[in-house]
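Here the protein sequences come in this chain order: A and B.
Residue numbers for the first sequence follow my numbering, beginning at 1 and rising by one.
Residue numbers for the second sequence follow my numbering, beginning at 1001 and rising by one.
Note that CB positions come from ideal geometry on N, CA and C, so glycine has one too.
One structure is given here, and the rest of the page talks about it.
Number of protein chains: 2
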Amino acid sequence: MAGPTRWLTPEEQAAWRAYLGSTRLLVHALDRQLEADAGLSFTEYETLVRLSEAPGRRLRMRDLAGASAATRSGVTRTVTRLERAGLVRRVECEQDRRGMHAELTDAGAAALAAAAPGHVASVRAHLFDHLDPADVGRLRELFGRIRDGLDVTGEGAQAVPPAA
Amino acid sequence: MAGPTRWLTPEEQAAWRAYLGSTRLLVHALDRQLEADAGLSFTEYETLVRLSEAPGRRLRMRDLAGASAATRSGVTRTVTRLERAGLVRRVECEQDRRGMHAELTDAGAAALAAAAPGHVASVRAHLFDHLDPADVGRLRELFGRIRDGLDVTGEGAQAVPPAA
DNA sequence: CCCGGATGCTTGACCGAGCAACGATCGAAG
DNA sequence: CTTCGATCGTTGCTCGGTCAAGCATCCGGG
């Protein structure tokens, strides 16, 4: 530890709690909405989105994992679930025989198309309706920085620098 | 649905993804840090914090649930875990014989005191070091509004208002 | 060519959280 | 006082996720 703890100011604490609490409620609400409306979990929905944006509507498992901040095993199980539902198909990789592609099926694309409007409406209602354009830009820039500070230096040692 | 879907603008989409991704990474990092440093999950840590702030260092289960955006059953299990570790004690409620208090033990207070500096340092390193005071105020106000828009009107019907 | 370490995906064991259901208790209405 | 609906906390079930181990494959050094 570098020195005495610098506790959060009341303002920081309030911001931190509002951020945590609202995020938890928001994700939960989106999850429920998707599940009720389209029979998809938020994770599954996001997986479909990634695939739909990828060239050839397919992505290697590792890339899917990297893009989602999830572990490989989590991706495996999610894809298995989606495959069982017919929304995704596994395709072997020719260049690397270890590799696996997850490929969006037509049914998957249809499911995504059906689920998207409700999901977007929910995100708008709960999040963006409370933000003006300046907020959006600020949020983007701010959380972009936070993300970069996290996923590049993944290790916890960085959390409490030794001296400087 | 009120009308054609208003998709997210590229800016909104970027903000949304940065927000989601960084939050996921952040919470995960905090969880790992706490677990490694103090043997507590983030949920457990938060529970101890709430109790430490409550009068008499005790809170009813329902209030604990309400404060944490968690379900009653989740609180039951968390408290059971903490009780098994000796950090919390269950105390029956005199006014309401259905009720249960969770009360912080001295060992619990000590565990919290030991865990807090590292946790706060981690929150600073990953979050507040990227924010200036104006950002903090803005975040607080903004997420406060989002939270209020979510936990008061808990129902999903509000997500897509019929007309107005 | 062969071998050893690294990488990619999967699987098994475990854990934490939510939902639904349950028994116990409260409180208000008759 | 009795009764009926609502509330509190707990529990069974299931789901989704991580961790660690495993097998197959790749790739670079001898």
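- Counting C-beta pairs closer than 8 Å gives fewer than three between the segment 120-134 of chain A and the segment 64-78 of chain A, which falls short of the contact rule.
- Of all residues in the segment 115-132 of chain A, only A116, P117, G118, V120, A121, S122, V123, R124, A125, H126, L127, F128, D129, H130 and L131 come within less than 9 Å of chain B when Cβ atoms are compared, listed by chain position.
- With contact defined as three or more Cβ pairs closer than 8 Å, the segment 1139-1148 of chain B and the segment 14-30 of chain A are in contact.
- Secondary structure note for A/L131: it is in no beta strand (DSSP E), with a DSSP letter that is neither H nor E.
- Ranked by Cα distance from B/T1078, the first of B/M1100, B/T1043 and B/R1090 is B/T1043.
- The C-beta of B/G1039 has fewer than 16 other C-beta atoms within 10 Å across all chains shown, which makes the residue exposed.
- Between the segment 1047-1055 of chain B and the segment 1002-1016 of chain B, the count of Cβ pairs shorter than 8 Å is below three; the stretches do not touch.
- With respect to the 8 Å criterion, B/M1061 and B/T1076 are classified as neighbours on the basis of their beta carbons.
- Taking a C-beta distance under 8 Å as the contact criterion, B/W1016 and A/V123 qualify as a contact pair.
- In terms of CA proximity to B/G1086, B/G1108 leads the group B/G1066, B/A1102 and B/G1108.
- Around the beta carbon of A/A114, fewer than 16 other beta carbons sit within 10 angstroms, so the residue counts as exposed.
- For B/A1102, the enclosing beta strand (DSSP E) stretches over residues M1100 to L1104.
- The C-beta separation of B/R1084 from B/E1103 comes to about 15 Å, leaving the pair out of contact by the 8 Å criterion.
- In the three-state scheme derived from DSSP, where H, G and I count as helix and E and B as strand, B/R1006 is classed as coil.
- Looking at the backbone, the Cα of A/H126 and that of B/V1120 are separated by about 29 Å.
- The DSSP-derived three-state label of A/L40 is coil.
- In the DSSP secondary-structure assignment, B/L1059 is bridged to B/A1102.
- Residue pairing for A/E92: DSSP places it in a beta bridge opposite A/M100.
- Among the CB atoms of chain B, none fall inside 8 Å of the CB of A/L40.
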